[in-house]
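Engineer: Per my numbering, the very first residue in the sequence shown carries number 414; after that it's consecutive.
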Amino acid sequence: MIRSRPRVGISRCLLGDEVRHDGTHKRSQHVIETLEPHVEWVAVCPEVEIGMGTPREPIELVIGADGVPSAGFRVRLVGVQRREDWTERMQAWARARVRALEPLGLSGYVFKARSPSCGIDDVRVAGTAGTARGLFAHALIDAMPELPVADEERLGDAGTRASFLARVLAYRGQTPVHGSTLGPESIRDGGADPVSR
Ligand code: SF4
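1. Does the Cβ of residue 450 have 16 or more other Cβ atoms within 10 Å, making it buried, or fewer, making it exposed?
2. Hey, out of 471, 483 and 570, whose CA is closest to residue 447's CA?
3. Using only alpha-carbon positions, find the residue among 434, 500 and 551 that is nearest to residue 466.
4. Report back the beta-carbon spacing between residue 539 and residue 532 to the nearest angstrom; my notes put them in contact at under 8 angstroms.
5. Tell whether a beta-carbon distance below 8 angstroms holds between residue 473 and residue 493.
6. If the criterion is Cβ atoms closer than 8 angstroms, does the pair residue 427 and residue 455 meet it?
7. In the region 458-536, which residue ranges form an unbroken alpha helix (DSSP H) of at least 4 residues, counting only runs that do not cross its ends?
8. From what residue to what residue does the alpha helix (DSSP H) around residue 555 run?
9. Taking the straight line between their C-alpha atoms, what separation do you get for residue 504 and residue 572?
10. On the CB-based measure, 16 or more other CB atoms within 10 Å of its CB, does residue 496 come out buried or exposed?
11. Given a cut-off of 8 angstroms, decide if residue 552 and residue 484 are closer than it, judged by their beta-carbon atoms.
12. For residue 433, name the three-state secondary structure that DSSP assigns.
13. Taking DSSP's pairing of strands, which residues face residue 423 in a bridge?
14. Are the Cβ atoms of residue 585 and residue 520 separated by less than 8 angstroms?
15. From what residue to what residue does the beta strand (DSSP E) around residue 542 run?
16. Shorter than 7 angstroms, the distance from the beta carbon of residue 460 to the closest heavy atom of ligand 1, or not?
17. Tell me the DSSP bridge mates of residue 563?
18. Give a yes or no on whether the C-beta atoms belonging to residue 432 and residue 425 are separated by under 8 angstroms.
19. Mind checking which residues open and close the alpha helix (DSSP H) that includes residue 576?
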């Protein structure tokens, strides 16, 4: 039996959970309101799950010769003040987390923009004018290159949200009803399955 809603990963702070470095959240109303009726969220916070705690020292991407290749840079993940290097720990955790996500059959992922862990391609690289990919996003996209991904800023546009949902459904082998938008009736699907976050 096919689940009624596709599973979509999401950066946990976007759901309103207070997991950011300063103990706040980044609830994304437009993402939640328009996509939640159609998807089953699978929430992940790399920085909490790796054991950094909340609140915690913020981290950033920096140039490092032996860092992770990303957007023409080699980047490392370090604390902004104490300069603690999280690169290897984040990479090892991210690889294991991605393996754990694979059996869930994700059909898409909504990342938090500009996060050194979750950003897709717009994370500032300290000391440069360039941007790169957050290290968890890097591991996930590397392992699932065809998975539809977006961030909450891209999804600020209603047309982009509709397009993203269509890609999620297509990835899962479902099709939106022709001519419909983001209403519940827009999804042609199968049976029921419990919701999880
Ligand atoms: S951006 Fe990613 S790592 Fe940062 S709080 Fe949100 S889910 Fe956690």
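Even glycine gets a Cβ: it sits at the ideal position worked out from N, Cα and C.
Structural biologist: Concretely, from the data shown:
1. exposed
2. 570
3. 434
4. With a Cβ gap of about 14 angstroms, residue 539 and residue 532 do not count as contacting.
5. yes
6. no
7. 459-462 and 500-514
8. Residues 548-556.
9. The alpha-carbon atoms of residue 504 and residue 572 are separated by roughly 34 angstroms.
10. exposed
11. No. Outside cutoff.
12. coil
13. 456 and 523
14. Contact flag set, yes.
15. Run containing residue 542: none; DSSP gives neither H nor E here.
16. yes
17. 523
18. Residue 425 is positioned such that its CB atom lies closer than 8 angstroms to that of residue 432.
19. For residue 576, the enclosing alpha helix (DSSP H) has its first and last residue at 571-585.
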